[in-house]
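Protein chains in written order, with my numbering: chain A, 547 to 859; chain B, 547 to 859.
Quick reminder that beta carbons are idealized off the backbone N, C-alpha and C, glycines included.
Right, dumping it as structure tokens:
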């Protein structure tokens, strides 16, 4: 399998990305090849800094341009087909690579996925999934964490179905417990959208719906899939990640609380598109990039997107 | 001043409430009288358990009925005028007490406030304010944390104005920084409601609007007033409070993180009504009740609700 990584995207690119790739490359499964996309001369200069020998599991695909963080996604993608993000999606669409990962412009990654590999037939809105560490071990899949700020009840219900297939495929969770993030446990609680989504989730035969959970349940083993709109989900997910920063400020180190650090998973997949696309934090460190590559490998192995397509067909 | 406390409301009522009142009563300012509302025989049996001597700053007002946690607010209030919540609002409306606090049925507290002392003229929707501890010290006022699951932009803008007056009056913060909880820092980010609210907040001459903040900013001294709808706000606030439970599960004790415990403030005011109404957690302990009484005293001294009325007149 081939995992493509955008070398030019991210606040600490290209150094941190190349370093992360080098960290991952020393310990890859035999069948995994890393495809580095970006300015060839930059990559060739940096690689020897972080690897002692030429690595046979790394190849380079040159891309001259860079889409900057502040650029308008749609405009940038059409004006810069030779950008690292543009080239990455071209390779993904042509199935020359099995996954594409970037810490660059999130909007361009989202738009690029929708325009190149496109949404799976039957998916109303692809979304971004986040992984929430659970006290009892493992992670819950939370979606949407930011792609769709305004959601209809039907979208939320479908996030539950998509998330359920994803959790089962990628994390091996049988019959995942799907819960709706809400502001009370009873089914009539919440916003109008949440109330309507509850009914749709309850009626869905594709999932094991366990009802509402609340903000204080997020880390407490109440669900394997947490359904939420991209507004509430984004705010909650970022607050959850900030626990790591809080504990560091207070000089605390703890095995569980440290898992709230964004670096520990390293990326968030766009779910509901015809391929494996993973977005990393703009501030991604080398460790985050290494872990993102691990997630990409796991996701390719899981074949999650084809399983989502099968469910909806 | 007279602070009324519902003795019958809360999961651990009446014991925890009476114990909390007794804790507060031993160290009250001279001009404060506590008014205990509930079944007289119950209160008279319990008080001697937690106080060694008859306390002159405690008086009892008998209320025979109790509104249970699961009851329908409006129905319960009309069918049980002699409930502790019903009697509490009667006293508050007649200005026989200066504040009314309860850990009982939240819906009944909210409806009771709207039907008795009513919303301040010009207030679109009263809301519930939560206090978010800040790393640099003090608290930010976050509103709405649960009264209004669906909000219009105008409501959010007004939460900012009301919250600003409240923060200044009750916490003594000059020119409070008002921020909108959103999912990006730029003004065009977020849901349609958040985008429109941003513009209204920016245009308001009554506040010091500092723009958007995100979930990860909540504890990091970015704002004195955090504006959010009652859905997102409720989920975020509960997640924030759960940090205390997380740290306890991990055996961690920390001066700052311990402040995320609901007990440390003890209650949340309904803001935007013509009086001081404070709602406590259903699970309130004696310590939470003691601290809620402290908040009520501070709020009466601050005259916040009259200052909000003046701003809007």
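Residue i and residue j look like a contact to me (Cβ under 8 Å); what is the Cβ gap, rounded to whole Å?
| i | j | result |
| --- | --- | --- |
| residue 763 (chain B) | residue 690 (chain B) | No, residue 763 (chain B) and residue 690 (chain B) are not in contact; Cβ-Cβ is about 18 Å, not under 8 Å. |
| residue 816 (chain B) | residue 619 (chain B) | The pair is not a contact, with the Cβ atoms about 13 Å apart (cut-off 8 Å). |
| residue 855 (chain A) | residue 777 (chain A) | Not a contact, Cβ separation roughly 27 Å. |
| residue 750 (chain A) | residue 686 (chain A) | Actually they are not in contact, since the Cβ atoms of residue 750 (chain A) and residue 686 (chain A) sit about 18 Å apart, beyond 8 Å. |
| residue 710 (chain A) | residue 753 (chain A) | 5 Å |
| residue 680 (chain A) | residue 765 (chain A) | 6 Å |
| residue 826 (chain B) | residue 834 (chain B) | 6 Å |
| residue 700 (chain B) | residue 670 (chain B) | 6 Å |
| residue 713 (chain A) | residue 722 (chain A) | 4 Å |
| residue 604 (chain A) | residue 580 (chain A) | 5 Å |
| residue 794 (chain A) | residue 812 (chain A) | At roughly 18 Å, the Cβ-Cβ gap does not stay under 8 Å, so residue 794 (chain A) and residue 812 (chain A) are not in contact. |
| residue 781 (chain B) | residue 761 (chain A) | 4 Å |
| residue 569 (chain A) | residue 644 (chain A) | With a Cβ gap of about 20 Å, residue 569 (chain A) and residue 644 (chain A) do not count as contacting. |
| residue 740 (chain A) | residue 768 (chain A) | Wrong, their Cβ atoms sit about 16 Å apart, outside the cutoff. |
| residue 758 (chain B) | residue 731 (chain B) | 5 Å |
| residue 549 (chain A) | residue 647 (chain A) | 7 Å |
What span of residues does the beta strand (DSSP E) with residue i cover, start to end?
| i | result |
| --- | --- |
| residue 679 (chain B) | 673-679 |
| residue 830 (chain A) | First-last for residue 830 (chain A): undefined, no H or E at that position. |
| residue 645 (chain B) | 645-648 |
| residue 825 (chain A) | 822-825 |
| residue 688 (chain B) | 685-689 |
| residue 769 (chain A) | Taken as a continuous stretch (DSSP letters only), residue 769 (chain A) belongs to no beta strand (DSSP E), as it is neither H nor E. |
| residue 757 (chain B) | 754-759 |
| residue 817 (chain B) | 814-817 |
| residue 811 (chain B) | Note, residue 811 (chain B): premise wrong, no beta strand (DSSP E); not H, not E. |
| residue 665 (chain A) | Looking at the DSSP string, residue 665 (chain A) is not in any beta strand (DSSP E), and its letter there is neither H nor E. |
| residue 550 (chain A) | 548-552 |
List the endpoints of the continuous alpha helix (DSSP H) containing residue i.
| i | result |
| --- | --- |
| residue 631 (chain A) | 630-639 |
| residue 862 (chain A) | This structure leaves residue 862 (chain A) out entirely; chain A is present only between 547 and 859. |
| residue 853 (chain B) | 850-858 |
For the region 778-796 of chain A and the region 674-685 of chain A, state whether three or more C-beta atom pairs, one from each stretch, are separated by less than 8 Å.
yes
At 3 residues or longer, what runs of the beta strand (DSSP E) sit wholly inside the region 570-620 of chain A?
579-584, 604-608
Contiguous alpha helix (DSSP H) assignments of at least 4 residues, all confined to the region 693-747 of chain B
699-717
Mind checking the region 683-697 of chain B against chain A and listing, in chain order, the residues whose C-beta falls within less than 8 Å of any C-beta there?
In summary, the residues of the region 683-697 of chain B whose CB is separated from some CB of chain A by less than 8 Å are 692, 695, 696, in the order they occur in the chain.
Identify each residue in the region 753-771 of chain A for which the Cβ-Cβ distance to at least one residue of chain B is less than 7 Å, and report them in chain order.
760, 761, 762, 764, 765
Given a limit of 7 Å on CB to CB distance, which residues of the region 795-828 of chain A reach chain B?
795, 796, 798, 800, 802, 803
Return the residues of the region 713-727 of chain B that lie within a Cβ-Cβ distance of less than 8 Å from chain A, sorted by chain order.
Answer in chain order: 727.
Just checking, does the region 796-807 of chain B make contact with the region 609-626 of chain B on the three C-beta pairs under 8 Å criterion?
Remark: fewer than three beta-carbon pairs, one from each stretch, lie closer than 8 Å, so the region 796-807 of chain B and the region 609-626 of chain B are not flagged as touching.
Do the region 583-602 of chain A and the region 553-563 of chain A meet, that is, are 3 or more Cβ pairs less than 8 Å apart?
Yes, the region 583-602 of chain A is in contact with the region 553-563 of chain A.
Would you call the region 838-846 of chain A and the region 808-825 of chain A in contact, with 3 or more CB pairs under 8 Å?
Flag = yes, the region 838-846 of chain A and the region 808-825 of chain A touch.
Across the region 829-842 of chain B and the region 557-567 of chain B, are there enough close Cβ pairs to call them in contact, namely three or more that are closer than 8 Å?
yes
Pull out every residue of the region 776-793 of chain A whose Cβ sits closer than 8 Å to any Cβ of chain B, in chain order.
Listed by position along the chain: 776, 777, 778, 780, 781, 782, 783, 784, 785, 786, 787, 788, 789, 791, 792, 793.
Residues of the region 577-606 of chain B in Cβ contact with chain A at a cutoff of 9 Å, in chain order, please.
none
Using a Cβ-Cβ cut-off of less than 9 Å, give me the residues of the region 737-752 of chain A that come near chain B, in sequence order.
Answer in chain order: 737, 738, 739, 740, 741.
Touching by the beta-carbon criterion (3+ pairs, under 8 Å), the region 601-609 of chain A and the region 631-644 of chain A:
yes
Residues of the region 549-576 of chain B with Cβ closer than 8 Å to any Cβ of chain A, in chain order:
Within the region 549-576 of chain B, no residue has a Cβ that lies closer than 8 Å to any Cβ of chain A.
Using a Cβ-Cβ cutoff of 7 Å, what residues of the region 668-683 of chain A are near chain B? List them in chain order.
So the list reads 681, given in the order they occur along the chain.
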